[in-house]
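This report refers to the structure that appears directly beneath it.
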Amino acid sequence: MTTSEHNDAMDRLTDEIAAEIRDSRLDADTVDAATERVWANLQHEFAVGRPLRSCADVQALLPAFVAGELGEAKALLVGDHTRGCVPCRRALLELRNGGFSSPAAAPLGSSRRIPTGLMRAAVMLIIIGAGFFASTAGLDALADRALEARVADAGTLQLVAGATTTNLAAGDVLRSRQRIRTAKNEGAFLALDDGSVIEMAPRSELALRADRKGTAIELGRGNIIVHAAEQGRGRLAVRTSECEIAVKGTIFAVNHGLKGSRVSVIEGEVEVRYGHVHSSLLPGDQITTDERLRAVDITEEIAWSENAEAHRKLLAELTELQREIAAAVDIATPRTSTRLLELAPPDTVIYAAMPNLTEGLGAARGIFSSRIAESEALRDWWQREIVDNNIDTQIEESLDQLQFLGESVGDEIVVALPISGLTTDGGPIFLAELDDPAAFRDTMQDHLARHFDGPPPVQLLDDPDDTVAEDVEVVVWIAGDLVVAANNPDRISGVADSLAAGHSGFVGTELYQRLAERYAEGVEWLFGIDVQAALADAAAGSTPDDAALMEQMGLFEATTLVFERRRADVGSEISAEIRFHDVRRGVAAWLAEPAPLSTLDFISADAYLATSVAAKDGADLFDELLGMVAAAGGDAAAELDAFEDEIGLDLRDDFAASIGGEGTFAFDGPVLPVPTWKLVVEVYDPATLEHAISTVIQRANDELTANGAEIITVRREQSGGLSFMTLSHPSSPMALTYTMTEGFLLAGSSRAAIEQSLSIRASGLGLASSATFRELLPDNGYTDCSALVYRNLGPIFGALPDGGMGGYEDLLRETAAPGLFCIYGLEDRIIVEGSGPSFASLAPLFGLSSLMAVEEIGDALESVDNPERVSSVS
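Using our numbering, read the sequence shown as starting at -15 and increasing by one per residue.
Structure follows, in structure tokens:
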């Protein structure tokens, strides 16, 4: 039995046992007797039977709670209350400081000292802790187990579990993986815990699943109308055997049967994926997954609903209500205050500002505690791995302090690295505003007392001029509602001087100006580098030849780099800008100004990855590159002359000057047996370039023959008035085919790939005209761009077998959704704007992670039993 089959069997067994327990009925006398016993026990345990009505009642029990003298029931109530109540949690921490500690929470020895002191123990723990709880795979399981839906209205609705069926009524709870079905003449309504509503038609069947990213409705058959509440950062999806429909907040219908699936949109926007098709539907739109399944009038499609018109109106009101609630509780409010920015050291070379992420920690703890109480398997694991090893108290106390510490800190944390921090003085400076300075100080003092036997390596200063002990690694100063931490007391004094003056000398720098511009628009995650200072520092320690090369490359012209990331409806919006002293030169000038990228016309809308660029003239690039090689030392010109004499070509005139300034590379086509790739390059002189390619192949074959090796085979074919050249070698399973037409060189993994590119251009249905691509284009004033990177690995990810992704599951999930980055080469700056599924989405700007993912995908697909079905060609 496979792991998946074993899990399914265990789930079915659990569902059957739960159904039996739920359906069991006790006689009235038994229930009354049990009730009396429970009440008597509770009265005895609480002495006077008084319930916990206030924080005073809870705090009266804290000494016994800390000493472990409370009964299980009261300890559970007190522990749950203190996790959600700040005053009671503060009282609990103060009481623990008074000596009520368990052996499991004994102070750690000096061998356990935290290397970076307060930086990890306090402020950075907020970020690390919240990120851990937000990203661990364990939350997927918790979300799935915590999933609940209630039967809002039911005719004959049945829960199907193995060989048994159970009738459900209004108010009954549906859990994850439980499969339900409606009868032949009656429908039903389900209400999800996020406010979404599902209306099921007669003879329909579905089940629910969830992870930390959202909820999925697995429609086995029939018709449903879904009112998806606003999902915030999550999503709601409907899955059938042919397609997946993902939404944020909308009303739509799905009809799934023998021919396939039909999706109809009533309100909002819906993303539909099936096979290698990815479509965005708006109100009134409809799509089918099979050409034999025709579109129908949407009114007809939802006619089975009890009252379709009233249903739509009701759902529209609920959607608006959900949107208002989501807006009211959204914690990702962009920050505009430059107070901390103005206090950064004058010589700051790297500046990073991030939001306080601790608020989600309380919710994560609540979910975890609930699941421990409800799940026997989780409870057994907790007992065996945590309680039996005497570390449960340490975990609870650490989380208490972490959550309490986070609640004391404001909504922004800043890390600034001075230029001297790159040398002997070392280390950044941390800045944050405090919502509760006294609580922050008390928590930090408690933390230091608990974790260090002797003098701690962190010293809290009452005054920036206080004497600092010799062994102190980090100094912390709390000034009013501001906390400053650094490993150098001079940094603290510098901030004190800036506070007295109103701001630091950093305010007069160009990096400050660029960052302040971003704050004016509101920031979430912000990162800036003083490139000029960093490069000057690097050049000071380099050899004269290296410095000359950097100068030749034009690197010293760069002044600042500012990077910003914001949350979007799907994934993240990325914005970056690098500024230069004057007109770009050297490598930075190789990127052309924004221009139409006509080579994209040869790439289909189903491409997995496409990278396109408009560059300077090839001959100019060759000259500059030769100059850089010469600057690096050696006699590059003489070596080039010798090489050109050997092959009989002038590389500048025959190759570089023949190629235009635009090109596109893409993975576009079937994935098996090897990924289909395409390269399209603008060509100014096709005849000269063709001659140069033939000459290089002939010279290579001459060399191979001289060494007794097999040669490159060249096969020429004529089709449609074009000449196709296919190059292959016995040592390689891959071939290369190319042709030239209409001023372009088209190369690819096969002749079929090139012919498809020609058809795509002729039809005018290339990637740049697709709805998915156009919706991802940044909202700005540029008509064109200088370069772009597009990816959409979703179709490949959907085709992969479960467990067949070679350990890259998380990477693929992060990179599967469509993303587009556009690069603009302006006179004195380069701008990058775009969107992607995650904070790490900037990496594919350079094509690296996407290429790695495609390689792993190719390996995984080789194990698919029926690879012929995996294709991007519909």
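Positions of the beta carbon are idealized from the N, C-alpha and C atoms, including for glycine.
Could you work out which residue in D420, S753, T710, I558 is closest to D585 when comparing CA atoms only?
-> As a first step, residue 585 is located in the sequence shown; it is residue number 601 there, counting from the start. Nearest option by C-alpha distance: S753.
Can you list, in chain order, the residues of its chain whose CB lies under 8 Å from that of I208, leaving out five sequence neighbours each side?
-> By 1-based counting over the sequence shown, the position of residue 208 is 224. Around I208: I182, E183, M184, A185, S188, L190, I201, V222, A237, V238.
Assign F728 to buried or exposed, taking buried as 16 or more other Cβ atoms, counted over all protein chains shown, within 10 Å of its Cβ.
-> Taking the sequence shown and counting its residues from 1, the one referred to as residue 728 is at position 744. Answer is buried; the Cβ neighbour count reaches 16.
Pick out whichever of R568, A485, D281, N685 has its Cα sitting closest to the Cα of V698.
-> Position 714 of the sequence shown holds residue 698. Answer by Cα proximity: N685.
Backbone secondary structure at D314 - three-state DSSP | Mapped onto the sequence shown, residue 314 falls at position 330. The predicted model places D314 with a pLDDT of 41, which falls under 50 and marks its position as unreliable, so this point remains unresolved.
Quick one: measure Cβ to Cβ for V664 and T648, integer angstroms, because I've assumed they're closer than 8 Å.
-> For the purposes of this step, residue 664 is taken as residue 680 along the sequence shown, with counting starting at 1. For the purposes of this step, residue 648 is taken as residue 664 along the sequence shown, with counting starting at 1. Right, their Cβ atoms sit about 5 Å apart.
Looking only at DSSP bridge pairs, what is W661 linked to?
-> The count along the sequence shown starts at 1 and reaches residue 661 at position 677. W661 is bridged to F651.
Ignore the nearest five residues each way along the sequence and tell me which others in R551's own chain have a CB closer than 8 Å to its CB.
-> The sequence position of residue 551 within the sequence shown is 567, counting from 1. So the list reads R217, A316, E508, E557, once near-sequence residues are dropped.
What does a CB cutoff of less than 6 Å around T767 pick up in its chain, not counting 5 residues either side in sequence?
-> The sequence position of residue 767 within the sequence shown is 783, counting from 1. Here the set comprises nothing.
Can you tell me where the beta strand (DSSP E) with V442 in it begins and where it stops?
-> On the sequence shown, position 458 is the one that residue 442 refers to. Unbroken beta strand (DSSP E) run through V442: 442 to 445.
Do you know how far the Cα of V460 is from the Cα of D450?
-> As a working note, residue 450 is residue 466 in the sequence shown. As a working note, residue 460 is residue 476 in the sequence shown. About 11 Å.
Just checking, does the region 393 to 400 make contact with the region 326 to 340 on the three C-beta pairs under 8 Å criterion?
-> yes
With DSSP collapsed to three states, give me the class of F436.
-> On the sequence shown, position 452 is the one that residue 436 refers to. Three-state DSSP puts F436 in coil, outside helix and strand.
What three-state label does DSSP hand G171 in the structure shown?
-> Looking up residue 171 in the sequence shown gives position 187. Looking at G171 - three-state DSSP - the assignment turns out to be coil, as it is neither helix nor strand.
Can you list, in chain order, the residues of its chain whose CB lies under 6 Å from that of V546, leaving out five sequence neighbours each side?
-> Position 562 of the sequence shown, counted from the first residue, corresponds to residue 546. Same-chain partners within the cutoff: R498, G512, E561.
In chain order, what residues of the same chain lie with their CB nearer than 7 Å to the CB of D395, ignoring the 5 residues before and after it?
-> Counting from 1 along the sequence shown, the entry for residue 395 is found at position 411. Taken in chain order, the residues that qualify are R319, P339, N340.
Which residues share a DSSP beta bridge with G750?
-> On the sequence shown, residue 750 is found 766 positions in, with the first residue counted as 1. G750 is bridged to S588.
A88 to P440, Cα distance in whole Å?
-> In the sequence shown, the residue the question calls residue 88 occupies position 104. In the sequence shown, the residue the question calls residue 440 occupies position 456. Reliability fails at A88, whose pLDDT of 35 lies under 50, so the model's placement of it is uncertain and the value that follows must be treated cautiously. Rounded to whole angstroms, A88 to P440 spans 21 Å at the Cα level.
Determine the burial state of T120: buried for a count of at least 16 other Cβ atoms within 10 Å of its Cβ, exposed for fewer.
-> Taking the first residue of the sequence shown as 1, we reach residue 120 at position 136. Below a pLDDT of 50, predicted positions are generally treated as unreliable, and T120, at 46, falls in that range; the measurement from the model is reported next regardless. Looking at its Cβ environment, which holds fewer than 16 other Cβ atoms inside 10 Å, T120 is exposed.
For the region 68 to 78 against the region 38 to 57, are there 3 or more C-beta pairs whose distance is under 8 Å?
-> yes
Provide the residue span of the alpha helix (DSSP H) that contains F639, from first to last.
-> Locating residue 639 in the sequence shown gives position 655, counting from the first residue. Careful: F639 lies outside any alpha helix (DSSP H) and carries neither H nor E.
Excluding sequence positions up to five away, which residues of its chain have a Cβ less than 8 Å from the Cβ of A504?
-> Taking the sequence shown and counting its residues from 1, one reaches residue 504 at position 520. So the qualifying residues of the chain are T320.
Which residue comes first and which comes last in the beta strand (DSSP E) that contains D861?
-> The structure shown does not extend to residue 861, since the chain spans only -15 to 858, so no value can be given for it.
Below 8 Å between beta carbons: does that hold for V254 and V280?
-> Position 270 of the sequence shown, counting from 1, holds the residue named residue 254. Position 296 of the sequence shown, counting from 1, holds the residue named residue 280. No, the Cβ-Cβ distance between V254 and V280 is not below 8 Å.
Taking the continuous beta strand (DSSP E) assigned at A212, which residues delimit it?
-> Locating residue 212 in the sequence shown gives position 228, where the first residue counts as 1. It spans 198 to 212 - the beta strand (DSSP E) in which A212 sits, taken as one unbroken run.
Kindly indicate which three-state DSSP category C862 falls into: helix, strand or coil?
-> Because the chain in this structure spans residues -15 to 858, residue 862 falls outside the shown range and cannot be described.
Close Cβ partners of S95 (< 6 Å) along its chain, the five nearest in sequence each way excluded | Residue mapping note: residue 95 aligns to position 111 of the sequence shown, counting from 1. For S95, the predicted structure reports a pLDDT of 35, less than 50, and the residue's modelled location is therefore unreliable. The matter cannot be settled from this model.
If you draw a straight line from the C-alpha of P47 to the C-alpha of L324, how long is it?
-> Indexing the sequence shown from 1 puts residue 47 at position 63. Indexing the sequence shown from 1 puts residue 324 at position 340. So the alpha carbons of these two residues sit roughly 41 Å apart.
Apart from the five residues just before and just after E628, which ones in its own chain have a Cβ nearer than 8 Å to its Cβ?
-> Along the sequence shown, read from residue 1 onward, the residue named residue 628 stands at position 644. If we look at E628 and ignore the five residues flanking it on each side, its Cβ neighbours are D634, L635.
Are the beta-carbon atoms belonging to L327 and V452 less than 8 Å from one another?
-> Here residue 327 refers to the residue found at position 343 when the sequence shown is read from its first residue. Here residue 452 refers to the residue found at position 468 when the sequence shown is read from its first residue. Their beta carbons are not under 8 Å apart, which means L327 does not touch V452 by this criterion.
Pick out whichever of M612, L610, A676, A599 has its Cα sitting closest to the Cα of F639.
-> Position 655 of the sequence shown holds residue 639. Considering only alpha carbons, the answer is A676.
Could you pull out every residue in the same chain whose Cβ sits closer than 8 Å to the Cβ of S642, ignoring the five residues on either side in sequence?
-> Position 658 of the sequence shown, counting from 1, holds the residue named residue 642. Closer than 8 Å at the Cβ level, and outside the excluded window around S642, lie G602, V667, Y668, D669, P670, T672, L673, A676.
At which residue ranges does the region 693 to 717 contain complete beta strand (DSSP E) runs of 3 or more residues, listed in the order of the chain?
-> 697 to 703, 706 to 712
Could you round the C-beta distance between L751 and A589 to whole angstroms and report it? I think they count as a contact, below 8 Å.
-> Start at 1 with the first residue of the sequence shown, and residue 751 comes out as number 767. Start at 1 with the first residue of the sequence shown, and residue 589 comes out as number 605. Indeed, because the Cβ distance is near 5 Å, the residues count as touching under 8 Å.
Can you tell me which of R161, S160, H487, R165 puts its alpha carbon nearest to the alpha carbon of E153?
-> Here the question's residue 153 lines up with position 169 in the sequence shown. According to the sequence shown, residue 153 is Ala rather than Glu. Of R161, S160, H487, R165, the residue nearest in Cα terms is R165.
For H240 and I413, the rounded distance between their alpha carbons | As a working mapping, residue 413 is identified with position 429 in the sequence shown. As a working mapping, residue 240 is identified with position 256 in the sequence shown. Each residue's alpha carbon lies about 58 Å from the other.
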